[in-house]
Amino acid sequence: GMKTSSGVYEKPEPVTKVDHDIWVYMDHYDGNVNSTSLEILGAARRVADLMNTKLAAVVIGDEIDNIIDTAFKYGADRVYAGVTEGYKNYDNDAYTEALSLMIKKYSPEAIFYPGTSNARELASTTAIQVNTGLIADCIIFDVDEKGQLLSTRPDFGGKETSTIICPNNRPIMVTTRSGVFSAMPPMDKKGDVIKEDIKDLKTRIKLLEYKKLEKRNILNDADIVIGVGRGIVNRDNIGIVEDLANRLGAVVGVSKPLADMGWYPKDRQVGQTGTTIHPNVYIAIGISGAIQHLVGIQGSKKIIAINNDPSAPIFENCDYGIVGDLFTVVPELIKRLGEQ
Ligand code: FAD
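Residue numbers (our numbering): -8 to 331.
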């Protein structure tokens, strides 16, 4: 990975010389840069140094001075600014057109996008416009001795990783996973701003209202999550798990089959297509430990599993395991907690 324990960036020896810049797309809203864009600047800084080329931020929008300053502060050598009059905030049609124009005019070697939903959408629509490919959800970058970018991404729900090279298409476009890379320490820095006024942009979208999403999934804030799976047999039996959860101050989550059957709301599903959780303690009850479930619980500090099948995969992915019938173990736990 690219996180350094000291938090200080150590400039690597260049392995090659690439003529074109490395760009990082700055995602922003209301004049403020999204923090994941700064993390990606940190990741791309190292790539640009290995390639012995310039690191540039690309900023699309209107009233973008603050964003330009921030890009320099977090490591950009120069900024390409596509000024889209009237489009202060992200609009897919307008920003795709503006960014594509900038790419065609200035030919970057690669463009890194943060893992925000707007930037991911923009990456895909722009890739089509400039006729290049897109490597999604990257977690590691390196440069080989030929100067080629090596982009590594998880596959099969995180079970394997693939490393992808692009010998032909330029620019190489990558989107990145949020929270994996570290921003550079802020610095007092300025550089060239290459500004383009982009006029007559067209859009098919009319933004009527912008509502900020207030709702946070309670699974994300829980100190203890108890996950319940198909071993519970029916909806009514979840009552004993809820009882245990109440005593522990825990939040109940479910495996996918339970959410699919409507036994619990979809926003309580834990896993790849549900919520990724990071509690101090996760207790998996009657859950087999399928890979799609495991990827959502890997961030838990301690995992405890209760399952009557000693060969269930969850036992290879837990800190403590109780092999036993949940209908015996859970009531016993409740009883012991009551005695405390
Ligand atoms: P099972 O696999 O049926 O396991 C039940 C377990 O309960 C067994 O290990 C059994 O030994 C145990 N058991 C039975 N009776 C008892 C008892 N009396 N006491 C103790 N233990 C008992 N799954 C998710 O959870 N989250 C996701 O986000 C998700 N996304 C998916 C995305 C894709 C694209 C695909 C293909 C699948 C996804 N799945 C997801 C489904 C996943 O593959 C598994 O099918 C699912 O996690 C299994 O749920 P389970 O562990 O509850 O059920």
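Heads up, the beta-carbon is just placed ideally off N, CA and C, and yes, glycines get one too. What you are looking at is a predicted structure, and each value in this text was computed from that prediction instead of being measured.
Item	Value
Tyrosine 311 classed as buried or exposed, judged by whether at least 16 other C-beta atoms fall within 10 angstroms	exposed
Coarse secondary structure for glycine 329, derived from DSSP in three states	helix
8 Å Cβ cutoff met for proline 162 and proline 99	yes
Candidates Pro304, Met42, Asp40, Ser28: closest to isoleucine 59 by CA position	Ser28
heavy atom of the ligand FAD below 7 Å from glutamine 289 C-beta	no
Assumed close pair threonine 75, isoleucine 51 - CB separation to whole angstroms, cut-off 8 Å	6 Å
Contact test: phenylalanine 318 Cβ vs the ligand FAD heavy atom, cutoff 7 Å	yes
Runs of beta strand (DSSP E) wholly within the stretch -6 to 44 (minimum 3 residues, chain order)	13 to 16
Near the ligand FMN: lysine 247 beta-carbon under 7 Å from a heavy atom	For the structure depicted, the ligand FMN is absent and the ligand set comprises only the ligand FAD.
First through last residue of the alpha helix (DSSP H) which encompasses serine 108	108 to 120
4 or more residues per run - each alpha helix (DSSP H) lying fully within the stretch 119 to 198	none
Coil, strand or helix - arginine 69 by DSSP	strand
Isoleucine 297 vs isoleucine 276 beta-carbon contact at 8 Å	yes
Own chain partners of valine 24 with C-beta closer than 6 Å, once the 5 adjacent residues on each side are dropped	Met17, Ile58, Thr61
Closer than 7 Å: serine 169 CB and nearest the ligand FAD heavy atom	no
Cβ-Cβ distance between glycine 280 and isoleucine 305 below 8 Å	yes
Short Cβ contact (8 Å threshold) for isoleucine 55 with alanine 35	no
Own chain, CB closer than 7 Å to lysine -6, minus 5 neighbours either side, in chain order	For lysine -6, the predicted structure reports a pLDDT of 41, less than 50, and the residue's modelled location is therefore unreliable. The matter cannot be settled from this model.
Of the listed residues Ala241, Asn109, Ile209, Lys257, nearest to proline 248 (C-alpha basis)	Lys257
8 Å CB neighbourhood of alanine 118 in its chain, flanking five on each side removed	Gly124, Leu125, Met164
At least three beta-carbon pairs within less than 8 Å, the stretch 71 to 87 to the stretch 140 to 151	no
Touching by the beta-carbon criterion (3+ pairs, under 8 Å), the stretch 185 to 199 and the stretch 255 to 272	no
Separation of asparagine 228 from isoleucine 325, as counted between CA atoms	14 Å
Sequence-distant residues of its chain with Cβ nearer than 7 Å to valine 320 (five each side left out)	Ile297, Ile313
Contact belief for glycine 218 with isoleucine 278 at Cβ below 8 Å, rounded distance in angstroms	6 Å
Element boundaries [alpha helix (DSSP H), containing valine 232]	229 to 239
Three-state class that DSSP yields for valine 216 in the structure shown	strand
Residue closest to phenylalanine 103, alpha-carbon to alpha-carbon, out of Val9, Gly33, Gly244	Gly33
Whole-Å CB distance - arginine 221 paired with serine 246, under 8 Å assumed	7 Å
Whether leucine 90 touches leucine 113 by CB criterion (8 Å)	yes
8 Å Cβ cutoff met for isoleucine 185 and alanine 72	yes
Close-in-space but distant-in-sequence residues of the same chain around aspartate 128 (CB under 8 Å, 5 per side omitted)	Gly106, Arg144, Pro145, Thr166, Thr167, Arg168
Helix, strand or coil at glutamine 263 according to DSSP, with G and I counted as helix	coil
Distance cut-off 7 Å: asparagine 211 Cβ against heavy atoms of the ligand FAD	no
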